[in-house]
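As numbered in the UniProt record's numbering, the sequence shown has no gaps in its residue numbers, which increase by one up to the final residue, 458. Here the structure is laid out as structure tokens; the discussion comes afterwards.
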Amino acid sequence: MDDTKLFPQLKETVCLKPMAGYALAHGHHPSQIQMLDPSHAFFLSLCDKGLLPPQIAFIYGQTFGLKDVDAHSQIDQLLSKYRHFLNFDTTPVPRERFSPQEFLYRADPSALDLATFGKWPVPAGISITLTFSCNFRCSYCYQDNRQRSDRRWSLSKCLELLDEAADWGVVFAGFTGGEPTIFNGWLELLERTLTRGMIPVFTSNGTVIGTDPDIALRLKDAGMEEVTISLDVCSPELHDQVTRTSGHFPKVVDAIRFLRAAGIRVLIKSVLTPMTQHAVQETIDFLVDLGVGGIGISYMESGAINSAANCAPNVTPEELSRVRDRIEQKREQYSHLCNIEPPEDANKLWTETDWYPCGGMISGMSIFPSGDVSVCDKMHGVKAFTLGNVFDAGLKEIWNSDAFARLCERATDPEVVDSDCAICSKLHLCRTSCFVDSFNVTGSYFGKDPSCGGPFLN
Ligand SMILES: C[S@@+](CC[C@H](N)C(=O)[O-])C[C@H]1O[C@@H](n2cnc3c(N)ncnc32)[C@H](O)[C@@H]1O
Ligand code: SF4
Ligand code: SF4
């Protein structure tokens with residue numbers, strides 16, 4: 001059907017947020033966030049009022065003083081550029097989710113440029129490692145839980161960090177660990193995140209949530225829509241082996257049940273290991289039966305220095321390929337019930353067209369119980385990647401400090417980076433990508449990312 005006869009609607013899951021000199025469009029996960037020119041957010045805000053594209057073009061043209069023909073051509077381009085945020089309907093659905101007036105301010109092109117080649121003016125998200133402690137000892141864990149917390153690390157300090165992040169315009173607040181539910185006050189932190197209008201990103205092993213159905217109800221009351229629970233297997237015996245503990249499996253299953261009963265969407269994160277690969281189809285059946293909304297199965301990544309992940313056996317390329325096929329079958333079988341994500345093919349190297357570097361360093365901050373702020377959850381204690389400490393300075397000050405600029409210089413210095421990266425045309429956007437994976441393979445944080453098939457010379 002002719003697009004001019006369809007009513008574009010901003011997807012229910014997409015939010016728009018005005019920022020200084022730019023705007024944000026985002027979903028419920030940090031991977032779904034995009035910086036926009038405010039006028040583009042203005043356009044998206046008009047895609048919810050039951051207007052046809054020619055009517056949107058009229059309003060857009062009048063607002064920005066454009067000739068008719070230019071307004072129509074710009075709206076055509078914007079419809080195509082932001083298609084992933086839109087649905088199209090044949091009947092109008094007049095409703096107002098975002099006020100177009102909120103996006104009538106001048107863009108600051110330097111903010112958008114800086115975000116591409118430097119860092120975001122305000123991080124899209126912060127990730128707080130609430131504690132290094134954990135009641136599990138998962139065979140594959142990427143964290144080094146022998147690290148120390150500062151004695152000043154407390155609930156009040158974490159609440160202060162959340163308030164500071166919210167005032168600054170941060171969208172996502174992640175809570176991880178160790179096991180975050182072991183930290184006294186974790187529920188209050190989620191509540192504060194929600195009352196301050198940020199989106200919590202929360203992953204837990206489920207053992208505390210599974211002890212009391214009231215926890216899930218309290219989360220629901222606070223407005224929590226989604227929780228991620230880590231579970232790799234569907235039998236108590238295997239769960240004991242993977243987590244190197246005893247008897248916790250029923251609590252994890254109860255956590256899923258309690259959250260579902262409270263009306264919270266449950267996502268599952270599973271890690272593929274030689275121990276769990278044979279049970280993957282049964283595990284998917286079991287989880288779908290429990291009513292989970294999504295299952296993300298990942299290949300075991302390398303981890304922090306001294307983490308279990310770096311000494312654990314991994315699946316072979318052939319095994320991975322076979323398991324991916326089995327997961328693919330289940331994905332099709334359950335496509336109407338649950339979103340199943342198979343692990344990426346770890347042996348496929350990036351090409352020029354599917355190159356996808358880590359953007360963590362430029363759009364997020366990882367804060368640890370020592371107070372240190374780093375570019376990644378796996379890099380506590382790595383001095384060269386520590387940008388500051390929250391007991392000495394505020395988040396904003398740390399983000400804008402010289403430490404970031406110095407690190408960025410090193411990550412793009414041909415004298416420092418791998419010789420392939422030094423000649424690669426993508427270096428200033430890529431900064432050699434995953435520092436941890438590079439370190440674990442090459443012994444240098446600025447080695448070429450092991451997933452990369454570069455250098456790319458165009
Ligand atoms: C480090 S844990 C911390 C939160 C909590 N203790 C949990 O397990 O959910 C965060 C997530 O990372 C995943 N994870 C841990 N080690 C991993 C590895 N080596 N590769 C991929 N994912 C891993 C866990 O399964 C979990 O979903
Ligand atoms: S993956 Fe989570 S539950 Fe397992 S040891 Fe690591 S922090 Fe603990
Ligand atoms: S060669 Fe280096 S800089 Fe270029 S894309 Fe690969 S990892 Fe990034």
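No residue lacks a Cβ here, since even glycine has one placed at the ideal position from N, Cα and C. Just so it is clear, the structure is predicted and the values come from calculations on it, not from any experiment.
Per DSSP, reduced to three states, the secondary structure at E352 is coil, with no helix or strand assignment. Contact annotation: M224 and L189 have beta-carbon atoms that are not nearer than 8 Å. Taking 8 Å as the upper bound for CB-CB distance, D413 and C434 are not in contact here, some 18 Å apart. Look at L290 here: in three-state DSSP terms it is coil, with no helix or strand label.
Beyond the five residues adjoining it in sequence on each side, D240 comes within less than 6 Å, by CB distance, of S246 in the same chain, given in chain order. In this model, L6 and P94 are separated by some 13 Å (Cα to Cα). CA-to-CA, the gap between D48 and H40 works out to about 14 Å.
Listed by position in the chain, the residues whose beta carbon lies within less than 6 Å of some heavy atom of ligand 3 are W355, P357, D420, C421, C424, K426, L427, C430, T432, S433, K448, D449, C452, G454, P455 and F456. Separation of the CB atoms of C452 and L349 is rounded to 6 Å, and the pair is thereby assigned contact status at 8 Å. Under the three-state reduction of DSSP, G206 is assigned to coil, being neither helix nor strand. Around the beta carbon of K81, fewer than 16 other beta carbons sit within 10 angstroms, so the residue counts as exposed.
In this chain, the alpha helix (DSSP H) harbouring D221 covers P213 to A222. Membership of D232 in any alpha helix (DSSP H) is not indicated, and neither H nor E is assigned to it by DSSP. Between F85 and L44, the C-beta gap is smaller than 8 Å, which places the two residues in contact. When the alpha-carbon of C424 is set against those of G447, A405 and G443, the nearest one is in G447. Less than 8 Å divides the Cβ of T129 from the Cβ of F368.
Bridge partners of V201 according to DSSP: G174. Straight-line spacing of the CA atoms in T207 and K251 works out to 5 Å. DSSP places H28 outside both helix and strand once states are collapsed to three, so it counts as coil.
In this structure L259 does not touch V253 by the C-beta definition: roughly 11 Å separates them, more than the 8 Å allowed.
Here the alpha carbons of L66 and P53 stand approximately 15 Å from one another.
Between G303 and C141, the C-beta gap is smaller than 8 Å, which places the two residues in contact. Take the alpha-carbon of W355 and the one of D420: they are about 15 Å apart. In this structure, the C-beta of Q143 approaches ligand 1 to less than 7 Å from one of its heavy atoms. Each residue's CA atom was taken as its position, placing W153 and A71 some 54 Å apart. Exclusion of G61 from the 7 Å shell around ligand 2 follows from its C-beta lying no nearer than that to any non-hydrogen atom of the ligand.
Counting every other CB atom within 10 Å of its CB across the protein chains shown gives H26 a total of 16 or more, marking it as buried. If you look at R324, you'll find it isn't in any beta strand (DSSP E); it sits in the alpha helix (DSSP H) that goes P317 to Q333. Secondary structure at E344: coil, using DSSP grouped into helix, strand and coil.
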